[in-house]
Amino acid sequence: MPRFRLQDLPTLESSPTSPATLGAKVGELIIHSVSAAAQVEMLDRETGEYRVVLQGTLDLDDTAPRR
Numbered sequence: 031m032p033r034f035r036l037q038d039l040p041t042l043e044s045s046p047t048s049p050a051t052l053g054a055k056v057g058e059l060i061i062h063s064v065s066a067a068a069q070v071e072m073l074d075r076e077t078g079e080y081r082v083v084l085q086g087t088l089d090l091d092d093t094a095p096r097r
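All you need for our numbering is the position in the sequence shown, starting with 1, plus 30.
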């Protein structure tokens, strides 16, 4: 599995994209982080619209074994 790198972060904003593609990219980001947290910033129960903020620290150690 290729390592998620700092230069890959802008690809998260590529639009339009499918939920599956975005999910895979975010999943790779989280897997290759040494810490990660999520905060639900907004939730509209009537429309289903939401905003989630991810915060973490990407593992920059290129010598670590790939997962």
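By construction, the Cβ of each residue, glycine as well, lies at the ideal position given by its N, Cα and C atoms. What you are looking at is a predicted structure, and each value in this text was computed from that prediction instead of being measured.
In chain order, Glu58, Leu59, His62 place their CB closer than 6 Å to the CB of Phe34, counting only its own chain and leaving out the 5 sequence neighbours on each side. In the structure shown, Thr87 falls within a strand segment according to DSSP collapsed to helix, strand and coil. If you ignore the 5 residues before and after Pro49, its C-beta comes within less than 6 Å of no other C-beta in its own chain.
The DSSP-derived three-state label of Glu58 is helix.
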